[in-house]
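Below: the structure, in C-alpha cells.
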Amino acid sequence: MRPITFQTKVYELLEDYPHLEDVLSEISPAFAKLKNPILRRTIARVTTIQQAAAVAGIEAGEVVKRLRIAAGLSDADESGVNMSGSATGAASSVTSDVTSGAGLLNDLENSTDKYRGEQPDWYSPEKIIVRYDAVKTLESGEVPMAEILRLSNLLQEGQIFEFSSPFLPTPILDMLSAKGFKIWSKRAGAIYLNRVTKN
Numbered sequence: 423m424r425p426i427t428f429q430t431k432v433y434e435l436l437e438d439y440p441h442l443e444d445v446l447s448e449i450s451p452a453f454a455k456l457k458n459p460i461l462r463r464t465i466a467r468v469t470t471i472q473q474a475a476a477v478a479g480i481e482a483g484e485v486v487k488r489l490r491i492a493a494g495l496s497d498a499d500e501s502g503v504n505m506s507g508s509a510t511g512a513a514s515s516v517t518s519d520v521t522s523g524a525g526l527l528n529d530l531e532n533s534t535d536k537y538r539g540e541q542p543d544w545y546s547p548e549k550i551i552v553r554y555d556a557v558k559t560l561e562s563g564e565v566p567m568a569e570i571l572r573l574s575n576l577l578q579e580g581q582i583f584e585f586s587s588p589f590l591p592t593p594i595l596d597m598l599s600a601k602g603f604k605i606w607s608k609r610a611g612a613i614y615l616n617r618v619t620k621n
C-alpha cells in the first residue's frame with residue numbers, strides 16, 4: 423500500500439484504499455462526483471489530494487488526516503507533516519510542521535483563487551474565438567485534456583479560448599499557467615467556464 427500524502431493521486435488513493443471513497447463523500451459532497459466512473463478514469467488520475475481539496479474548498483491537511491486515520495495509518499506522513507491536532511487547529515499545525523517545502527499548504531489553498539478572481543482586464547466576450555464543451559467530452563467517456571491543450575496552443579496574442587467543465591479543472595489550468603497562458607475561471611450554475619488567453 424502506498425502512503426497517503428498531499429501528492430497522492432486520487433485515483434491511486436481509491437485503488438489502494440477503495441473504502442475511502444465513502445470517507446471522501448462524508449468530507450465533502452464535492453467528492454461524491456468520484457462515483458462517476460468517467461471522472462474516476464480521467465480527472466482522478468491526474469488530480470492530487472491537494473488539488474482535490476482546493477477544488478472542494480477544504481483545508482488539505484484535514485483531508486489527509488481523516489483519510490490516513492480511516493486507512494489505519496500513522497497521523498504523520500513521510501514528508502514530516504504532523505497531522506495531529508483538532509480539526510479546527512489542523513491548518514496551523516500542518517503549516518507550522520512542514521519540514522520540506524515550506525508554504526506548500528498555503529500555495530495549495532490559494533490555487534483556486536488565482537483562477538477565480540475578479541474579471542481580468544484582458545477578458546472580453548468578443549475576443550473568444552473558440553468554445554469547447556469538456557462536460558460533453560467527459561460524459562462520453564473521453565479525456566478532454568489533449569484537446570484543451572491543442573486549442574490553447576492555437577491562440578494568437580489577445581485571443582481567448584473558452585471551455586466548460588463540471589468542476590474547476592485545477593490540474594489542466596496549472597499546466598496551461600506553467601506554459602505562460604493567462605486564465606480566468608467563473609462558475610456558471612453547475613459548470614465552470616474557463617477562459618484562456620495567450621500573453
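Going by this note's numbering, the first residue of the sequence shown is number 423, and it counts up by one from there. Virtual Cβ for every residue (Gly too), placed ideally from N, Cα, C.
Between which two residues does the beta strand (DSSP E) carrying residue i extend?
i, result
"I613", "I613 to K620"
"K608", "F603 to A610"
Does residue i come out as helix, strand or coil in the three-state DSSP assignment?
i, result
"K536", "coil"
"V477", "helix"
"E434", "helix"
"S641", "As shown, the chain starts at 423 and ends at 621. That puts residue 641 outside it, with no answer to give."
"R553", "strand"
"N423", "Looking at the sequence provided, one finds Met at residue 423 rather than Asn. Here M423 sits in coil by DSSP."
"N575", "helix"
"L461", "helix"
"V495", "A small fix is needed here, since residue 495 is Leu in this sequence, not Val. The answer is coil: DSSP assigns L495 none of H, G, I, E or B."
"Q541", "coil"
Give the straight-line distance between the Cα atoms of residue i and residue j, rounded to the nearest whole angstrom.
i, j, result
"S450", "I582", "33 Å"
"V432", "L577", "32 Å"
"F603", "K620", "5 Å"
"N616", "R467", "21 Å"
"V485", "E448", "11 Å"
"R424", "P459", "22 Å"
"S562", "R538", "27 Å"
"L402", "H441", "The shown model of the chain, from 423 to 621, leaves out residue 402, and the question about it has no answer."
"A393", "L571", "A query on residue 393 cannot be resolved here, the shown segment of the chain reaching from 423 to 621 and no further."
"V445", "L489", "7 Å"
"V565", "I471", "20 Å"
"L435", "E548", "43 Å"
"A556", "A482", "26 Å"
"I608", "I426", "For the sequence presented, residue 608 should be read as Lys rather than Ile. About 31 Å."
"R462", "T469", "10 Å"
"D596", "L495", "30 Å"
"T622", "L598", "The chain is shown only over 423 to 621; residue 622 falls outside these bounds and no answer can be derived."
"Y439", "V552", "41 Å"
Determine whether the beta carbon atoms of residue i and residue j lie at a separation below 8 Å.
i, j, result
"L560", "P588", "yes"
"P593", "Q473", "yes"
"W606", "Y545", "yes"
"A478", "A452", "yes"
"E584", "I550", "yes"
Could you check where the alpha helix (DSSP H) with residue i kicks off and where it finishes?
i, result
"I465", "I465 to V468"
"V445", "L442 to I449"
"L489", "A482 to A492"
"P593", "T592 to A600"
Rounded to whole angstroms, how far is the Cβ of residue i from the Cβ of residue j, which I believe are closer than 8 Å?
i, j, result
"V618", "S574", "5 Å"
"L456", "E443", "6 Å"
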